[in-house]
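Notes to accompany the following structure.
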Amino acid sequence: PNTVQGLDMLMRLLARPGDTVLLDAPCYFNFHANLALHGVKVVTIERRPDGFDFAALEQLLAEHRPSLYLTTSVLHNPTGHSFSPGQAFRLLQLTQQYHCHIVEDDLYGDLHPNPPPRLAALAGLDQVTYLSGFSKILSANTRVSYVVAAPQLAANLTNMKLMSGGVTSELFEQIVYRMLSEGSYAKHRKRMVQRLMESGGRVEQWLKRCGCELPMAYEGGMFIWARLPDGVNGELLAQEALKRSLVLAPGALFGYDPAHLNSMRFNVAHTDEPRAQRVFEALLLKAVRH
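And the structure:
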């Protein structure tokens, strides 16, 4: 299955209706949609350059007792943030103390030029279940993903996949296998990471020239999270951009916090392009004047 299906299977096995699940704020919009289908309660913790306000995180864990924490530790979507080893260690301490299992969605981690250790590698599979795939490096059509889990959970996932009739294209599985075993995946990844770093560096400087604030320094990957100038509504700006065939991702897509209304996620590949930048600059100037 792809990672969306993999996450759905994990939620069916690890969460029960009425359970509380912890998410980052902001976070990938499909996480909210997926969890809503499973009847769980959602609580959020703000993702910051320093990881979290760890005192606030501990208070949240103590008060709400979430059974699961769904997160991305490396190149978080939409902020692009990665946990430092110190941040990861403190997070793992707290979640273990309050018996909160972590589901680590690592779909973007291979796009980092020097990725830090994953949570699953630091803590082991009794505390962390790991989910990843190949669509961001190879192709959106390469819907091959995998889960690394404790033995009993892995067996339950296998049975669920067989019972549900879910199958993955054998052709794509063979393509991924050949690329991994022959080394072409690593070479392709290296080229892609280099191109993204070059584009990301240019887009980062361009956004600063536009008057946007970047709370997270760009460290690789597909996305940059930016705060627009004061008074600019990201959702309205994105609607105007769409009329001009420019697709932007306003902060409102990634959670319900009003603080994100003037934020926006930028795809570095799509916005490292003169026409896209001209359209955005014109709309931003118009919004600031109003």
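Residue numbering for the sequence shown follows UniProt numbering, beginning at 1 and increasing consecutively. Even glycine gets a Cβ: it sits at the ideal position worked out from N, Cα and C. None of these values were measured; they are calculated from a predicted model.
Around the Cβ of D105, a 10 Å sphere holds 16 or more other Cβ atoms; the residue is buried.
Of V40, Q5 and D8, the smallest CA-CA separation from V21 is found for V40. When secondary structure is reduced to three states using DSSP, Y185 falls in the helix class. Contact between L91 and G51 holds, with the beta-carbon distance rounding to 7 angstroms and staying under 8 angstroms. The way I'd put it, the segment 201-209 doesn't touch the segment 168-179; fewer than three beta-carbon pairs between them come closer than 8 angstroms. Secondary structure note for F223: it is in no alpha helix (DSSP H), and the uninterrupted beta strand (DSSP E) holding it is F223 to R227. D8 is classed as buried because its beta carbon has at least 16 other beta carbons within 10 Å across all chains shown. When the Cα atoms are used, N114 and A249 turn out to be separated by approximately 26 angstroms.
Distance from the CA of R265 to the CA of L214, rounded to the nearest whole angstrom, comes to 10 angstroms.
With a contact defined as Cβ atoms closer than 8 angstroms, H112 and L75 qualify at about 5 angstroms.
Contact between A150 and D126 holds, with the beta-carbon distance rounding to 6 angstroms and staying under 8 angstroms. D8 carries a helical assignment under DSSP once its states are collapsed to helix, strand and coil.
For the segment 123-177, the continuous beta strand (DSSP E) assignments of 3+ residues that do not extend past its boundaries occur at 128-133 and 145-148, in sequence order.
If you draw a straight line from the Cα of R178 to the Cα of D24, it is about 36 angstroms long. Secondary structure in the segment 234-274: the alpha helix (DSSP H) runs of 4 residues or longer, each lying completely within the stretch, are 234-243 and 268-271 in chain order.
For A33, the uninterrupted alpha helix (DSSP H) segment begins and ends at F29 to L37. D106 sits in coil when the DSSP states are folded into three classes, being neither helix nor strand. T79 sits in coil when the DSSP states are folded into three classes, being neither helix nor strand. In terms of Cα proximity to L61, the closest of C210, L131, M216 and T95 is T95. If you look at T95, you'll find it in the alpha helix (DSSP H) that goes P85 to Q97. For L23, the secondary structure class from DSSP, reduced to helix, strand or coil, is strand. Following the DSSP letters along the chain, one finds E58 inside the alpha helix (DSSP H) bounded by residues F54 to H64. Around V43, the same chain offers T20, L22, L60, H64 and P66 as residues with beta carbons nearer than 7 angstroms, after the five sequence neighbours per side are excluded.
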